[in-house]
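Quick look at the structure:
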């Protein structure tokens, strides 16, 4: 043996004089994970999705809850803007009516074809044919719209050309004495109230009364939405309680939002007047980004864009909301619920499982009996009842799902703890006088953490599926919020006419679940190579 | 064995008691009630209705009364479907759900096991990759996505199968295919993966090698020797699979408009139809418990190492 060899901290020499580098479990697992191509792809996809969801508010997409009724049910497109699509939809309708009225003349065969399509409920084919044939005949000069139809078209065209949307980005208040500019959004609600009263030219007290009444109504409505089916007397009784829990700060913030909204509306209105004048003079060129003065102490920065110049790459839903941004924000909700939900259930499972495994005896017996009985229950049914009866909000969703999903973790941790209980280092810790809690949570739980992490990765897709399942039934996330499940659920009605509403959220969700499953499987194989090929 | 069966049957009683109690109190401690949404109801009428259904009594008395009724097999009158008993509603709709569930289970088992066995025997061939690819899709696509997509493609686009309905609506057995296939997809996937992995393990074991060395036909080895061992994980998976099929049938029945029990369940939860909710939960739980029991018995039959006492 070579005695001059120093023992290096990280490397050692084996009997063949080769350097052996010590390897931690995580390092080893990472090396194995990197070899698994599908798992790496899955990991990348999961990361991309999470980044998109986390930074959704910074993405250049339309607001997910902005309702534009003119833009209902627009199909997905890469090239056309909303105005073109609106015109197309109108033309399809008009050409179809012209065919029905007999002014659009087609051959007998074509007519028969249209009739079979109508009988088979193939509305899209009929429309596509009508617009194609109609445009061809119009080009050739054999067909002209009736005067009334032409007027409808012209009116729509004018609407498309002139309508615009105004966003008020910032509002400023200039102090009359110091001539300092204040951002309205950063002022107290009392100050804003005075400004608003000034703007309207009424007493501040009247406004204050009005605002307080509005806050009450709003709180009541929120409460009604979250807990339906109460009598009016019960609502009235609960209102004061709700207001108390909100506290002065909460009420002030609601009042402030309301007041700012009101000032915004009146600024929007005067900006609208100004822009309309410019359009009729022909001096406006969109998009507009400028600051306008309302009166001597109030001015605002606004941006105005043409309303029908918007492009919806993935189409719109039944109230004209952009599907792309709804899918992204829906992903935010789904992924957040998946992550936080599995974390919560894993935490509950660790605590209960660790206690059952370490303490043993009666505690273990009772806890495991509960787990056994809950395993035998159709627990999703209980979750459905719970959601239907206690109100459909995200908080209840968490509680309901976390309540029933800690079972497997608890069993697993219990097994791990029981096998570690008699190991030497636990005995050493005990002999040094470490408390039970310290032994469990500082020594034993970290030692079984890799198993737990792997399992919780596999839990995330299951959690997302359960949340989506509830949202699909109308028991989960409520509009204007969205989750993948509620998007699919909304799309079920009318899916032959508007298949994109079903297809895109379904694809987005499936890809994520795919990736998550591959990633989870890869992680499990990496941490525990012996389990390879097991389900 | 008989003793074990009796013990298990006795063990069902506390589980059922817990289920009934839990669902009874969950629906009743929540604010609101079955008649709270009916506006402008005079106080007297409301009180009379509540008295009719004994809703004016203290909760524990109601609980006792309900338990007594359940023991006699009477699940009470429905609050929202007036003039109907819960018993009647359940017994008219339950057979459809059971038929649907059994079809789904049969499809999942037949195709899942065959795919798993073929994939294991011909490991790393194209058929292995194909069936495992389909299985991964089955695990990743939620039921409420696969069902409308199948409906869109097979029923609405190509009109090969009816979009919705049941035997009674004239389309006969054809109307069962789509709901049963969509319901079975996830379980097909799980069963195929399970069968494949346990089959692979069994095929590598010593007794299979011995059988091969004796010169047995490979079909005999697979079906007579390996199958029995490879079935064990599949059988133990059947319990959770039944639970999943029960909840899944709620969605499927909604999408394909099957007049089964699942439809009643969601509606009654929204309506606070107390007796109907608890009744449906009891029925589902009994089915689930019985299924789990049967699965355990089959498991014991298959695996001689397990003796129940």
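Residue numbers (the working numbering), protein chains in the order written: chain G, 1 to 535; chain A, 1001 to 1309.
Glycine included, every Cβ here is placed at the ideal spot set by N, Cα and C.
- Message: Suppose contacts are defined by Cβ-Cβ distances below 8 Å. Is residue 1100(A) in contact with residue 1244(A) by that definition?
- Response: On the second chain, residue 1100(A) is found 100 positions in, with the first residue counted as 1. On the second chain, residue 1244(A) is found 244 positions in, with the first residue counted as 1. No; because the gap between Cβ atoms is not below 8 Å, this pair is not in contact.
- Answer with yes or no whether the minimum CB distance from residue 407(G) to chain A is below 8 Å. Residue 407(G) sits at position 407 when you count from the first residue of the first chain. At a cut-off of 8 Å between C-beta atoms, residue 407(G) does not count as an interface residue with respect to chain A.
- Taking DSSP as the reference, what is the three-state secondary structure of residue 147(G)? Residue numbering aside, residue 147(G) sits at position 147 when the first chain is read from its first letter. Residue state for residue 147(G) is assigned as helix, using DSSP reduced to three classes.
- Query: Is the beta carbon of residue 1103(A) sitting closer than 8 Å to the one on residue 1149(A)?
  - Reply: The residue given as residue 1103(A) occupies position 103 in the second chain. The residue given as residue 1149(A) occupies position 149 in the second chain. No, these two residues do not count as a Cβ contact at 8 Å.
- Message: Quick check on the burial criterion: 16 or more other C-beta atoms within 10 angstroms. Buried or exposed for residue 1248(A)?
- Response: In the second chain, the residue the question calls residue 1248(A) occupies position 248. Burial call: buried.
- Task: Can you tell me the Cβ-Cβ gap for residue 1198(A) and residue 1232(A), rounded? I've got them flagged as a contact below 8 Å.
- Result: Position 198 of the second chain, counting from 1, holds the residue named residue 1198(A). Position 232 of the second chain, counting from 1, holds the residue named residue 1232(A). With a beta-carbon spacing of about 7 Å, residue 1198(A) and residue 1232(A) fall inside the 8 Å limit used to define contacts.
- Report the three-state DSSP secondary structure of residue 1187(A) (helix, strand or coil). Numbered from 1 along the second chain, position 187 holds the residue referred to as residue 1187(A). Residue 1187(A) falls in the helix class under three-state DSSP.
- According to a CB-to-CB cut-off of less than 8 Å, which residues of the stretch 420-442 of chain G neighbour chain A? Residues passing the 8 Å Cβ filter: none.
- Message: Just verifying my parser: in three-state terms, what is the DSSP assignment at residue 1136(A)?
- Response: If you number the second chain from 1, residue 1136(A) lands on position 136. Residue 1136(A): helix per DSSP, three-state reduction.
- Query: Does the beta carbon of residue 1164(A) sit closer than 8 Å to a beta carbon anywhere in chain G?
  - Reply: Counting from one through the second chain, the residue named residue 1164(A) turns up at place 164. Closer than 8 Å: no.
- Item | Residues that residue 465(G) contacts on chain A, provided the C-beta gap is smaller than 7 Å | Within the first chain, the letter at position 465 stands for residue 465(G). Correct list: 1142.
- Task: Mind listing, in chain order, the continuous alpha helix (DSSP H) runs of no fewer than 4 residues lying wholly within the stretch 341-417 of chain G?
- Result: If we require 4 residues or more, the alpha helix (DSSP H) runs fully inside the stretch 341-417 of chain G come out as 361-376, 379-390 and 394-404.
- Message: Extract the residue ranges of the alpha helix (DSSP H) inside the stretch 429-508 of chain G, only unbroken runs of 4 or more that lie entirely within it.
- Response: Those alpha helix (DSSP H) runs which fall completely within the stretch 429-508 of chain G and span 4+ residues are 449-472 and 484-491.
- Just the Cα atoms here: how many angstroms apart are residue 276(G) and residue 181(G)? If you number the first chain from 1, residue 276(G) lands on position 276. If you number the first chain from 1, residue 181(G) lands on position 181. Roughly 28 Å between the two C-alpha positions.
- Query: Would DSSP call residue 1030(A) helix, strand or coil?
  - Reply: Stepping through the second chain from its first residue, residue 1030(A) is reached at position 30. Residue 1030(A) carries a coil assignment under DSSP once its states are collapsed to helix, strand and coil.
- Message: With H, G and I counted as helix, E and B as strand and the rest as coil, what does DSSP make of residue 267(G)?
- Response: As a working mapping, residue 267(G) is identified with position 267 in the first chain. Note: residue 267(G) maps to helix in three-state DSSP.
- How would you list, in chain order, the residues of chain A whose beta-carbon sits under 7 Å from the beta-carbon of residue 388(G)? For the purposes of this step, residue 388(G) is identified with residue 388 of the first chain, where counting begins at 1. Correct list: 1269 and 1270.
- Item | Separation of residue 1299(A) from residue 1305(A), as counted between CA atoms | In the second chain, counting from the first residue as 1, residue 1305(A) sits at position 305. In the second chain, counting from the first residue as 1, residue 1299(A) sits at position 299. Computed Cα separation, rounded: 10 Å.
- Output yes or no for whether 8 Å exceeds the beta carbon distance between residue 371(G) and residue 452(G). As a first step, residue 371(G) is located in the first chain; it is residue number 371 there, counting from the start. As a first step, residue 452(G) is located in the first chain; it is residue number 452 there, counting from the start. Judged by beta-carbon spacing, residue 452(G) lies beyond the 8 Å limit of residue 371(G), meaning their Cβ atoms are not closer than that value.
- Task: Using only alpha-carbon positions, find the residue among 1070(A), 1246(A), 1147(A) and 1128(A) that is nearest to residue 1017(A).
- Result: Taking the first residue of the second chain as 1, we reach residue 1017(A) at position 17. Measuring C-alpha to C-alpha distances from residue 1017(A) to each of 1070(A), 1246(A), 1147(A) and 1128(A) identifies 1070(A) as the nearest.
- Cβ of residue 1156(A) within 8 Å of any chain G Cβ: Within the second chain, the letter at position 156 stands for residue 1156(A). Residue 1156(A) counts as touching chain G.
- Using a Cβ cut-off of 7 Å, pull out every chain A residue sitting near residue 378(G), in sequence order please. As a working mapping, residue 378(G) is identified with position 378 in the first chain. What residue 378(G) touches in chain A: 1243, 1246, 1247, 1284, 1285 and 1288.
- Query: Hey, out of 47(G), 374(G), 120(G) and 88(G), whose CA is closest to residue 536(G)'s CA?
  - Reply: The first residue shown for chain G is 1 and the last is 535, placing residue 536(G) beyond what the model contains.
- Message: Using the three-state DSSP reduction, which class does residue 300(G) fall into: helix, strand or coil?
- Response: Within the first chain, the letter at position 300 stands for residue 300(G). Strand.
- Residue(s) in a DSSP beta bridge with residue 12(G): One-based indexing of the first chain puts residue 12(G) at position 12. Note: residue 12(G) sits in a beta bridge opposite 20(G).
- Is there a Cβ from chain G that is less than 8 Å from the Cβ of residue 1119(A)? By 1-based counting over the second chain, the position of residue 1119(A) is 119. Not closer than 8 Å to any Cβ of chain G, the Cβ of residue 1119(A) fails to qualify, so no.
- Item | residue 171(G) - partner residues in DSSP beta bridges | Along the first chain, read from residue 1 onward, the residue named residue 171(G) stands at position 171. Among the bridge pairs identified by DSSP, residue 171(G) is matched with 300(G).
- Contact belief for residue 1107(A) with residue 1184(A) at Cβ below 8 Å, rounded distance in angstroms: Numbered from its first residue, the second chain carries residue 1107(A) at position 107. Numbered from its first residue, the second chain carries residue 1184(A) at position 184. Their Cβ separation, rounded to whole angstroms, is 4 Å, which keeps residue 1107(A) and residue 1184(A) in contact under 8 Å.
- So which of 414(G), 66(G) and 438(G) has the shortest CA-CA distance to residue 319(G)? Here residue 319(G) refers to the residue found at position 319 of the first chain. In terms of CA proximity to residue 319(G), 66(G) leads the group 414(G), 66(G) and 438(G).
- Task: With a 10 Å radius around its C-beta and 16 neighbouring C-beta atoms as the bar for buried, classify residue 71(G) as buried or exposed.
- Result: Start at 1 with the first residue of the first chain, and residue 71(G) comes out as number 71. Burial call: buried.
- Are residue 167(G) and residue 303(G) touching if we call contact CB-CB under 8 Å? In the first chain, counting from the first residue as 1, residue 167(G) sits at position 167. In the first chain, counting from the first residue as 1, residue 303(G) sits at position 303. Contact flag set, yes.
- Task: Consult DSSP for residue 67(G) and reduce its assignment to one of helix, strand or coil.
- Result: Here residue 67(G) refers to the residue found at position 67 of the first chain. In the structure shown, the three-state DSSP call for residue 67(G) is coil.
- Task: With distances taken Cα to Cα, identify the nearest neighbour of residue 244(G) among 215(G), 261(G) and 339(G).
- Result: Residue 244(G) sits at position 244 when you count from the first residue of the first chain. Among 215(G), 261(G) and 339(G), the Cα nearest to that of residue 244(G) is on 215(G).
- Residues that DSSP places opposite residue 1077(A) in a beta bridge: The count along the second chain starts at 1 and reaches residue 1077(A) at position 77. Answer is 1085(A), bridged to residue 1077(A).
- Query: With C-beta atoms as the reference, is residue 185(G) less than 8 Å away from residue 193(G)?
  - Reply: Position 185 of the first chain holds residue 185(G). Position 193 of the first chain holds residue 193(G). Pairing residue 185(G) with residue 193(G) gives a Cβ-Cβ distance that is not under 8 Å.
- Pull up the CB-CB distance for residue 332(G) and residue 401(G), whole angstroms please, since I reckon it's below 8 Å. Numbered from its first residue, the first chain carries residue 332(G) at position 332. Numbered from its first residue, the first chain carries residue 401(G) at position 401. About 18 Å separates the Cβ atoms of residue 332(G) and residue 401(G), ruling out a contact at the 8 Å cut-off.
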